[in-house]
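S.K.: Using my numbering, the first residue of the sequence shown is number 13, and each one after it goes up by one.
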Amino acid sequence: MRKVLVAFDGSDNSKRALQYVVDFAREYSAELDVHVLNVQYYEGGMYGEYFTANIIENLNSGLLAKAKGVLQEASDVLAAASIKHETHAVFGNVAEQVSDTVKRLGCDTVVMGTRGLGSFSGMLLGSATTRVIHEVSVPVILIK
């Protein structure tokens, strides 16, 4: 069984990446173990200088709630297709978190959109996507 990591931020490209995994599983009757990862950007160093611990906790709670909502959307799509999956919400740099998750879970492949929510629309590839390609040691499938 192949372990696939889908980087999912709720953008149109990430939704198409998720659908690609669903379509692949159906077309090839592939048995997949899908891990959906949502990375919330966390500028931890900045917080300490300007915010109290209570404010930081509230910011983190808000980011976690946002991540859970985005991941629920992905989970619903995979569950409807009867694809085994787990969701993961983390804070940090997208490329580092994708790379760390691939290693920790033993994923064989990464599937992600060419651009996410934070990218400039005129770029061919988003900066996070470019960094992921350089960081991970497994094949990366990019979906436009």
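All C-beta atoms, glycine included, are put in the ideal place defined by N, C-alpha and C.
It should be emphasised that the depicted structure is a prediction, and the values quoted were computed from it without experimental measurement.
Quick check on this structure: which residue in K156, N25 and V102 has the alpha carbon closest to the alpha carbon of H47?
M.R.: V102
S.K.: What residues are listed by DSSP as bridge partners for K15?
M.R.: Per DSSP, D45.
S.K.: Using the C-alpha atoms, what's the distance from L75 back to G118?
M.R.: 26 Å
S.K.: Under 8 Å by Cβ, that's how I've got I155 and R28 pegged, so tell me the actual separation to the nearest angstrom.
M.R.: The Cβ separation is near 5 Å, so the contact holds.
S.K.: Between the alpha carbons of D112 and V144, how many angstroms are there, rounded?
M.R.: 11 Å
S.K.: Between the C-alpha atoms of Y10 and S26, what's the straight-line distance to the nearest angstrom?
M.R.: The structure shown has nothing for residue 10, since the chain only spans 13 to 156.
S.K.: Give a single yes or no on whether I95 has its beta carbon closer than 8 Å to a heavy atom of the ligand MN.
M.R.: Because no ligand of any kind appears in the structure shown, any question about the ligand MN cannot be addressed here.
S.K.: CB-CB under 8 Å to A42, same chain, minus the five flanking residues each way: which ones, in chain order?
M.R.: R14 and F36
S.K.: Name the DSSP beta bridge partners of A101, please?
M.R.: N50
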